[in-house]
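The numbers in our numbering rise by one with no breaks, and the one at position 412 of the sequence shown is 418.
Think of the CB as a built atom: it goes at the ideal place given N, C-alpha and C, for glycine as much as any other residue.
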Amino acid sequence: MSQMRIRTGQIAPLLIILAGAAALRFVLLDTRELFRDEAASWLLARSAWGEMITRSASEPYAPLYAFLLKAWIGMLGDAPASLRALSAVAGVASVGVTWAWTRQAIGPRAAALAALLVALSPLAIANAREARMYALESLFAVLAWWLIWRLLTSRTPGAGSPLAIAAAALAVAGELWMLPTGVAAFALQATVVAVVAWRRRAGTRAAGIALVLGLAAFVPWLPRLLSVAGGGQPFWTPTPDLTALLQTLGGAFGGWQPSPGWVAVLPLAVLGAFGFGALFRRGFADPTALTVSAGAALVLAWWIASLWRAAYDSRYLGSAVPPLAIAIAAGAESLATRLQRTPQALWGAAAVVLVLVGTGTAAFEANWVSGQGQAPAQAASVVLQTRVRTGDVVLVADAQSYFPLAYLLEREREPIEVPAPIRYWRSGLEPAYTGGDLIRRDATIPRDAGLKPGELPGLATSGSIWLVALTDPVAEIRGFAPLADGRVAEMERLEVTDHGDGGLILRLRPT
């Protein structure tokens, strides 16, 4: 009976935390229109199964997320909330896995705190509210770390069973197939297993087998990933500086500046440092200390790798949030044990810090719902819906505009009826990375040096050409060279705005 009460007392906080995490990830998922990357996910997922592999070949992302999203769309449809719900489910599951790992490694109080930190993390919430692969990468990574930790620490019968090894191998394969940061996570996991094996601890053979099997499952895609990393087009992110590293670590729990949540970053950093110290006091090769610290070290490892090949984006590093939360919880638990006379004061201070973290979470949620910083695709689609006629061509001058417009104009369910093909003008005006290879070739007009005089009239056989730019190239097409061609006349110039962001639509007609 007492054991049942203990279990109930531990599960009840988890259920409350999971409910809160679900609310932060699912509520108002459809209030923000899809941005470029999310619409690109939809466009790839609506391709044929075999075609997805071909169209992903030049991308830095393996196609596992596209496969899962395609199956998800088949069950729940492709409305914005449905597309994002896959990530939201993964985000809530990551909170549960964090709780399970922390409870087994440290204890129930630390488990509740770690799970609550992940539930409130603005970075984790941001990833869970996007129709992208980041939240699933976090889930696979924290699951892999937990299962590897179990293989390294458990001496119970069956701990190294084929089922346990297979589960860990699947999690490792998932992190590798989901995002390139999975390669860095795998390298850190292999390092941990090697260090533990060097100290001749039990469980390393089973963990090593799981890593080998997970890597073997990824080998078919590895040459393509290396090709993109070594000789592919430059990524859109600049080479990171130290500020980018600190912003990622601070933003994991403080949100994006300016945010009241940043007040909590310093005490959380102190608790985290104390937690790492407490874990390593168990021993240099202690599996808990090594797995938690190596999981958190992903941020630093990816930052260093990005100095060679710029690919640094805080969204890619959400899988470091659970280990960071566990370290913070370990620090709080260690302090509570040391300060046995005043544990209430310590946990009261922890509650204040969590409230500050919550303010950063609230600020992020409000900004997300507002839709700030997006291309005005919805406003542009309304303009096109009312003006485009049969025989016209919609020519989108930048990929960031093309993807959300294609989603709005070409959805198979509840489509906006625009009787004209939408084409992507591969103009050379954008940065080198555009995601343009995800677009069907029959919808692409490749003109790397820009359209030449005389080429525009041939695009529309009997109607107008609607030239659309909603983001970076707007300034360039204001002085678009072919407009000086006597065979093309500008009929209309329409400004579109949405949430303060503006775009431009030109209606052109061959003369």
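(Q) By DSSP's criteria, E496 is part of a beta bridge. Which residues make up the other side? (A) Answer is L514.
Q) CA-CA distance, L2 and L232? A) A question about residue 2 goes unanswered here, because the residues of the chain that appear run from 7 up to 517.
Q. In this structure, does DSSP put V394 in helix, strand or coil?
A. coil
Q: Less than 8 Å between the CB atoms is what I'm expecting for A96 and L153, so what's the real figure, rounded?
A: Taking 8 Å as the upper bound for CB-CB distance, A96 and L153 are not in contact here, some 16 Å apart.
Q | Beta-carbon contacts of A121 that lie in its chain and below 6 Å, excluding the five residues immediately before and after | A | I23, V101, T104, W105
Q. Identify the residues that DSSP records as bridge partners of T450: which are they?
A. Y430
Q.
Could you tell me the alpha carbon to alpha carbon distance between A87 and T37, rounded to whole angstroms?
A. If I take the Cα positions, the gap works out to 8 Å.
Q. What is the rounded straight-line gap between the Cα of R90 and the Cα of A216?
A. 31 Å
Q) Quick one, which of S127, L182, L20, A134 has its alpha-carbon nearest W107's? A) L20
Q. What runs of the alpha helix (DSSP H), each 4 residues or longer, lie entirely inside the segment 51 to 111?
A. 55 to 61, 70 to 82, 86 to 111
Q: Report yes if the C-beta distance between A333 and V202 is below 7 Å; otherwise report no.
A: no
**Q.** Of the listed residues R135, A85, W151, P128, nearest to A303 (C-alpha basis)
**A.** Nearest of R135, A85, W151, P128 to A303, Cα basis: W151.
Q) L524 to W374, Cα distance in whole Å? A) Because the chain spans 7 through 517 in this model, residue 524 falls outside it and cannot be assessed.
Q) Considering only residues of the segment 246 to 326, which uninterrupted beta strand (DSSP E) runs meet the minimum length of 3 residues and lie entirely inside it, listed in chain order? A) none
**Q.** Per DSSP, cross-strand counterpart(s) of G209
**A.** The partner list for G209 (beta bridge, DSSP) is empty, contrary to what the question assumes.
Q: Rank P168, T297, I59 by C-alpha distance to the C-alpha of A211 and give the top, closest one.
A: Sequence inspection shows Arg at residue 211; the Ala mentioned does not correspond to that position. Looking at the Cα atoms, P168 is the closest of the given residues.
Q.
Please report the distance separating the alpha-carbon of A449 from that of E498.
A. 24 Å
Q.
Suppose the cutoff is 8 Å on Cβ atoms and the five residues either side in sequence are ignored; what does the same chain contact list for V502 look like?
A. For V502, same chain residues with a beta-carbon under 8 Å away, outside a window of 5 residues either side, are P382, A385, A386, V389, L476, G508, G509, L510, I511 in chain order.
Q: Determine the direct distance from the alpha carbon of R417 to that of L129, and round the result to whole angstroms.
A: 30 Å
Q: Just mark I445 as buried or exposed, buried being the case when its beta carbon has 16 or more other beta carbons within 10 Å.
A: buried
(Q) Going by DSSP in three states, E39 sits in which element: helix, strand or coil? (A) coil
Q | Residue of G188, A372, L277, S53 minimising C-alpha distance to A147 | A | G188
Q.
On a Cα-Cα basis, can you pick out the residue from F41, P293, Y318 that is closest to G209?
A. P293
Q.
Quick test of your reading: F192 and L221, contact by CB under 8 Å. State the CB separation rounded to the nearest angstrom.
A. 7 Å
Q.
To test your reading of the DSSP string, which unbroken alpha helix (DSSP H) runs of 4 or more residues are found completely within the segment 108 to 182?
A. 114 to 126, 128 to 134, 140 to 159
Q. How far does the alpha helix (DSSP H) with W204 in it reach, from first residue to last?
A. 187 to 204
Q.
How far does the alpha helix (DSSP H) with A518 in it extend, from its first residue to its last?
A. The structure shown has nothing for residue 518, since the chain only spans 7 to 517.
**Q.** Helix, strand or coil at T503 according to DSSP, with G and I counted as helix
**A.** T503: strand per DSSP, three-state reduction.
Q | Whole-angstrom distance between A132 and Y138, CA atom to CA atom | A | Per the sequence shown, the amino acid found at residue 138 is Arg instead of Tyr. Spanning the two alpha carbons is a distance of roughly 10 Å.
Q: State the beta-bridge partners of G508 as determined by DSSP.
A: T503
Q.
On the DSSP bridge list, what partners appear for L1?
A. The first residue shown for the chain is 7 and the last is 517, placing residue 1 beyond what the model contains.
Q.
I need the DSSP call for P329, collapsed to helix, strand or coil.
A. helix
Q.
Once the 5 residues before and after V363 are set aside, which same chain residues still bring their CB inside 6 Å of it?
A. L126, F259, G267, A270
Q | Contact set for A173: own chain, Cβ-Cβ below 6 Å, skip 5 residues either direction | A | Short of 6 Å from the beta carbon of A173, and not among the five residues preceding or following it, lie these beta carbons of its own chain, in chain order: L153.
Q: Assign P382 to one of three DSSP states: helix, strand, or coil.
A: coil
(Q) Less than 6 Å between C-beta atoms, sequence neighbours within five positions excluded: which residues of the same chain meet that for A72? (A) Same-chain partners within the cutoff: L50, A51, M58.
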